[in-house]
Every structure is written in C-alpha cells, then in structure tokens.
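Residue numbers (my numbering): 1220 to 1642. Backbone N, C-alpha and C fix where the C-beta goes; we use that ideal spot for every residue, glycine too. These numbers come from a predicted model, not from an experiment.
See below:
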C-alpha cells in the first residue's frame, strides 16, 4: 500500500493528528502510572520474584507487542480498513490491567500468584496490542504525512510524560497509603481508567478506506514467513535499520535494576519510586520536545544519535549515584534516552520500510526486537546476580557505541528524498 505522499495532506489531517496525539498521550500516561522500569520491577522484587523476572518486566509487554505481528502480517497486508480490527484488539488489550488490579486487591498474601499474574497479564496485554500493531502503523502512515510523524510521536510521549509527573506523585502517595499488593492493585485500576478514556478518543478517528495490494492478498502464513529473509535482502537500508534497532536497546541493561539499586543505595522504601517516576518523566518531556522538533526537521536518524549519546552519559551517572540528586539525574537521563529512542526509532522505521510490504516489514522489525530484548533481559539478570550494576553499565556503554557506529552506515531517508526531488 503506497505511503501518504509528502506533499499531499490526507483527509481529516488536523482531526486525525489531534486524535492520534490525545489517544497516544493518554495511553502513554497510563504506562507512566505503571512505569515498567520502576513500579513493575519494584513490585516483582517486593513479591519475592527472581532476578530473571525482574529483568524481563520492563520488556514483558513489549515482547508481546513485537512478537505477534509476524503471525498476523500476512492477513493485515490485505486489509483496506484498520479501525474494525484495532477497536477489537483495543478492548482485549485493556482488560488484563483490570484483572491484574482486582487480583492484587483480592489475594495480597499469595506472592507467587501475584508475580505470575503481573507478568502474564502484561504479556497478554502486549500480545493483544501486537496483533494489530502493523495495522495501526499502516493507519498512521495513511492519516499523517511523513513530515508530521515525528511530532505526532513526540507529542504523544510529551502528554504521557506530563501525566507521568502527576503519576509520580500518585505512585508515591498510593504506595505510602496502601503498601504492598493493595497499592500496586490500585495503580493498575488507575491505569485501566486512563486507558478507557484513551480508547474513547481513538474510536473517534476518521479512516479513509485504501486499496489493497492484490499480489499479496493470497499469501499464507508460511509463505509470508519464507519471504521475510528476501525482504531484508532486497532492501539493504532496512537490514541496516534492523541491526541498529537490535543494538539500540542498551538502556534495557540498566533499566530493570536502576530503581532497586537506587533504593538500596539511598536506603528508601518502595514508595520512593514515585520520585524516580517523576524524574524519569521530566527527562521524557525534555527528550520528546527535542526529538519532535529535531525529527520533523532532520529525520529519525539524528534523533537516535542524540539518544545513544545521552545513554552513555546516563549510565555513567547511574554508576556514580550515591546521593539523591545523582539518582534523580540518572532517572532523568533514562527518561530522556527512552523518549528520544522511541521517537527516533519509530520515525526511522516508517521511513525505511518498503511501503508495499509495510505490515510484513514491521513484523520482521518486531521479531528482531523480541530477540534483542530477550537477550538483554537474560544477560542483565546474569550480570546483576554476579556483579551488581557495574557490569550492566559496561554492557550499556558497549551497546551505545556499536549503535552509533552502525548509524554511520545508514543513509538518511530525508536526505535521499530531498535529493530525489531535485533531480
């Protein structure tokens, strides 16, 4: 399906732009209340969960999101409308958080059950989201032109980060008033309520039906899987992007354990993670403002360069953190890194994937992310158990350096488009 032309505004651009921003901003706000790098990892640790599960929690939902498209892309390529599917998966994606909240409130004295419900619930939510993720990106590509996409992503994350500032206070107050499972259950119910509001906004989006690509409408799952290696071979820049995407997860080495390390160093209780959430959200606001402005003008590549440079500074701050202000700076840096990485990667992905096979290409990118996140989680759990934060800092620095080196081989899609228009 051809992309929305750069020079042509799609129908209902202003309306759909606003809906994408509001829906996504509320969605990101709900994730801030259940910050995977602080709240969820601290919850698993409080329930006595193992190190490998703590390491997986920041990636648990993402694994479901990124893993499912490979099984659905062969059908999504033939859709002419995305909204019917997305409205269905949107309901299924939100229900697990309600279930988690109710279970945590009902069975607070069964830690094994609580760990299992937390992990499985967030994985199932991610799977339901991942089923329709390529369809959502296809919808975005046809409702927002390339020159406006960075600001869409950035404004979504900006609203989410702004809500996260209030969310930090909410987390701290809730865990102070309701320590243990009850507090974490209440936070899940808050997140569910915010997600219901985001769904109502999303349902108002106006989609124009598009023409399906007939040459791909009869591909089976196995046939589509067999075509995936050839897709990477035919589009070398997409292959380079996949390598960058896999390497750019260096922040996930320190993210699962930074809150635990900081609480131990400072001698604080679990409720103090609310301060970390707020610091991370401030960093996210700054990162999203910068990446939205920079990405719309220079593209996603430069945003990723900034992200990886900031990662190097962040892990060094985490390594040196012994007093509150340095810990806050480390979480500020983590928010900045994750915000710029998401905007840069999301923008660049839509610029380098072949438009005629976008759903399948996005499925390949998701599969690479699954492998990368599993590798980061497994390795970080082993390194944390063996040496604490120090080896994790080293691995994050190596990953950032390799990402920056690989980025030098990626031709900037915005520059190529500008050259093509002048020829």
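In this structure, the straight-line span from the alpha carbon of residue 1282 to that of residue 1470 is close to 16 Å. From the listed residues 1453, 1604, 1378 and 1503, the smallest Cα separation to residue 1479 is found for 1604. Along the length of the segment 1429-1516, whole alpha helix (DSSP H) runs at least 4 residues long occupy 1440-1453, 1455-1466 and 1470-1485, reported in chain order.
DSSP places residue 1616 in the uninterrupted alpha helix (DSSP H) bounded by 1608-1626.
The count of Cβ pairs closer than 8 Å, one atom from the segment 1267-1286 and one from the segment 1345-1360, reaches three, so the stretches are in contact.
Here the segment 1579-1590 makes no contact with the segment 1511-1528; the two share fewer than three CB pairs at distances below 8 Å. Counting every other CB atom within 10 Å of its CB across the protein chains shown gives residue 1567 a total of 16 or more, marking it as buried. Per DSSP, the unbroken alpha helix (DSSP H) holding residue 1532 starts and ends at 1519-1539. Contact annotation: residue 1482 and residue 1258 have beta-carbon atoms that are not nearer than 8 Å.
In the DSSP annotation of this structure, the continuous segment of the alpha helix (DSSP H) that includes residue 1396 starts and ends at 1365-1396. Within 10 angstroms of the beta-carbon of residue 1292 lie 16 or more other beta-carbons, which makes it buried. Residue 1233 and residue 1398 have their C-alpha atoms roughly 44 Å apart. Where residue 1421 is concerned, the enclosing alpha helix (DSSP H) starts and stops at 1400-1421.
Apart from sequence neighbours up to five positions away, no residue of its chain approaches residue 1627 with a beta-carbon distance below 7 Å. Here DSSP, grouped into helix, strand and coil, assigns residue 1278 to helix.
Between the segment 1607-1620 and the segment 1461-1476, the count of Cβ pairs shorter than 8 Å is three or higher; the stretches touch. For residue 1302, the enclosing alpha helix (DSSP H) begins and ends at 1302-1325. C-alpha of residue 1254 to C-alpha of residue 1496: approximately 7 Å in a straight line.
Pairing residue 1548 with residue 1529 gives a Cβ-Cβ distance that is not under 8 Å. Less than 8 Å separates the beta-carbon of residue 1372 from that of residue 1561.
A Cβ-Cβ distance of about 40 Å is found for the pair residue 1420 and residue 1608, leaving them out of contact under the 8 Å criterion.
One thing to note: residue 1459 has its Cβ no nearer than 8 Å to the Cβ of residue 1244. Less than 8 Å separates the beta-carbon of residue 1589 from that of residue 1286. When DSSP states are grouped into helix, strand and coil, residue 1329 belongs to the coil group.
Counting only residues of its own chain and dropping the five nearest sequence neighbours on each side, residue 1295 has a CB closer than 6 Å to the CB of 1353, 1354 and 1578. For residue 1631, there is no enclosing alpha helix (DSSP H), as DSSP marks it with neither H nor E. Under the three-state reduction of DSSP output, residue 1579 falls in the helix class. Rounded to whole angstroms, residue 1240 and residue 1260 show a C-alpha spacing of 28 Å. Going by beta carbons, residue 1274 and residue 1539 fall outside the 8 Å limit.
In this structure residue 1334 does not touch residue 1238 by the C-beta definition: roughly 37 Å separates them, more than the 8 Å allowed.
Residue range 1232-1252 is occupied by the alpha helix (DSSP H) that includes residue 1238.
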